[in-house]
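Trainee:
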Amino acid sequence: MKITVLGCGAVGQLWLGYLQAKGHTVQGWQRIAEAAPVHFTLQQPSEPDSASGQQRQYQVPCNDPHHLASSDCLLVTLKAGAVAPALLPLLDKLSASCAIVLLHNGMGSLSEPQLAQIQQPLLQGITSHGALRYAPHSVRHTGYGETHLGALNAAGQTRLDAITDVLNAALPPVTAHTDIRPRLWHKLAVNCAINPLTALQQCRNGALLSQQAELQALCGETAAVMNAEGIAVSAEQLLVGVNQVIQATAENFSSMHQDITLQRASEIDYITGYLIRRAQAHGLAVPHHQALYAAIKQLESAHAKR
Ligand code: NAP
Ligand code: PAF
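Its first residue numbered 75, the sequence shown is counted upward by one per residue in our numbering.
1. Comparing alpha-carbon positions, which option in 345, 82, 370 lies nearest residue 207?
2. Consider the C-beta atom of residue 98 and the heavy atoms of the ligand NAP; say whether any pair is separated by less than 6 Å.
3. Return the chain-ordered ranges of every alpha helix (DSSP H) run that is complete within the region 255-315 and spans a minimum of 4 residues.
4. If you draw a straight line from the C-alpha of residue 90 to the C-alpha of residue 305, how long is it?
5. Quick check on the DSSP output: the alpha helix (DSSP H) that includes residue 199 runs from which residue to which?
6. If we ignore side chains and look at the alpha-carbon of each, how far apart do residue 105 and residue 84 end up?
7. Hey, is residue 340 close to the ligand NAP, as in C-beta under 6 Å from one of its heavy atoms?
8. Mind checking residue 92: buried by the 16 CB within 10 Å criterion, or exposed?
9. Just checking residue 155 against the ligand NAP - is the residue's beta carbon closer than 6 Å to any of the ligand's heavy atoms?
10. With three or more beta-carbon pairs closer than 8 Å as the criterion, would you say the region 153-173 touches the region 357-369?
11. Determine, using beta carbons only, whether residue 183 and residue 344 come nearer to each other than 7 Å.
12. Please report the Cβ distance between residue 195 and residue 230, rounded to the nearest whole angstrom; I am assuming they are in contact, meaning their Cβ atoms lie under 8 Å.
13. Pairing CB atoms from the region 305-315 with CB atoms from the region 362-379, are three or more of them under 8 Å?
14. Quick one: what's got a C-beta closer than 6 Å to residue 280's C-beta in the same chain, skipping five residues either side?
15. Grab me the residues of residue 248's own chain with a C-beta within less than 7 Å of its C-beta, minus the 5 sequence neighbours each way, in chain order.
16. Taking only the alpha-carbon atoms, compute the straight-line gap between residue 101 and residue 109 and give it to the nearest angstrom.
17. Consider the C-beta atom of residue 305 and the heavy atoms of the ligand PAF; say whether any pair is separated by less than 6 Å.
18. Any residues whose CB sits closer than 6 Å to a heavy atom of the ligand PAF? List them in chain order?
19. Name the two residues that bound the continuous alpha helix (DSSP H) containing residue 217.
20. If you draw a straight line from the alpha carbon of residue 354 to that of residue 364, how long is it in whole angstroms?
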């Protein structure tokens, strides 16, 4: 399959590497129009009995408009806030049948009018694979995870199984869902609990295990919004899920912790911000989430002024 990966960061390089290794004709699409080929070393997670994971070098062409125009799939591995400004100008350069796959944390990266603008098959996914760019041309696959995909429009539904098969053969497991929204919401619930707290407290995920009252309050507010969105879940179920992720990633620094530490814009507007917008639409109060949102935005604007 001919594939363009939009956004050649940690997750983008991970997929570029695994898709090229499967024999697909891939290219990267970077911000800079005259971008040189992306070359990187991909280090796979180490086997339990070996000291370090297998390393492989990749060189992938970039920003070829002919490749873009004839791509069967555009895999969008940008941060949520970059999706609309990067994707919308490319739409009329893609073929009508090119399947666009959004793969980012958070929700609401495209507004309703922007979604309606997209005529191509549109899919959204969520992945729990870990990827870390530890040097300019080096990416480490820090942990195996799983990917879930679903369609966001009717055309996307017709391509869901074929795209799932291609991605699953490259970096399994990838599972297709007839309705991806509950998956996205459950992931959002986890991110809404872990990310802002770890970013504000500058702590590893595991430190949150001792903060059950705060996690419970956040999960209670999230469950009310999810119920209003038609997703049946209790605060207790969300709390169990959040604690499982905290335990499994106890040694990790969350993505928001890393963004705030490095004074980069975080994905708060598409994580807690999205939850707050949906709460407002349903007339629900979410004061705990609102306090975390305000505190992260304050940190971001202090960083922007420096
Ligand atoms: P990342 O390393 O920051 O990569 C994002 C890439 O997008 C950067 O290379 C950036 O380029 C590029 N970009 C920004 N604007 C662009 C534009 N207009 N055109 C083309 N490229 C553009 O982030 P990531 O870690 O890969 O994360 C991507 C998404 O996956 C996020 O939503 C994240 O939360 C999610 N995720 C990440 C992981 C993980 O382990 N890393 C795991 C699960 C989910 P510049 O460097 O030029 O800005
Ligand atoms: O954004 C992140 O860091 C991750 O999605 C998660 C699950 C919170 C683990 O760190």
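Here a beta-carbon is modelled for each residue, glycine too, at the ideal position from N, C-alpha and C.
All values derive from a computational prediction rather than experimental measurement.
Mentor: To lay it out plainly:
1. 82
2. no
3. 255-275, 286-302
4. 34 Å
5. Note, residue 199: premise wrong, no alpha helix (DSSP H); beta strand (DSSP E) at 196-201.
6. 15 Å
7. no
8. buried
9. no
10. no
11. yes
12. 4 Å
13. no
14. 324
15. 221, 223, 238, 241, 242
16. 11 Å
17. no
18. 179, 264, 265, 268, 269, 279, 319, 323, 326, 328, 329
19. It is not in any alpha helix (DSSP H) - residue 217 instead sits in the beta strand (DSSP E) that spans 212-217.
20. 11 Å
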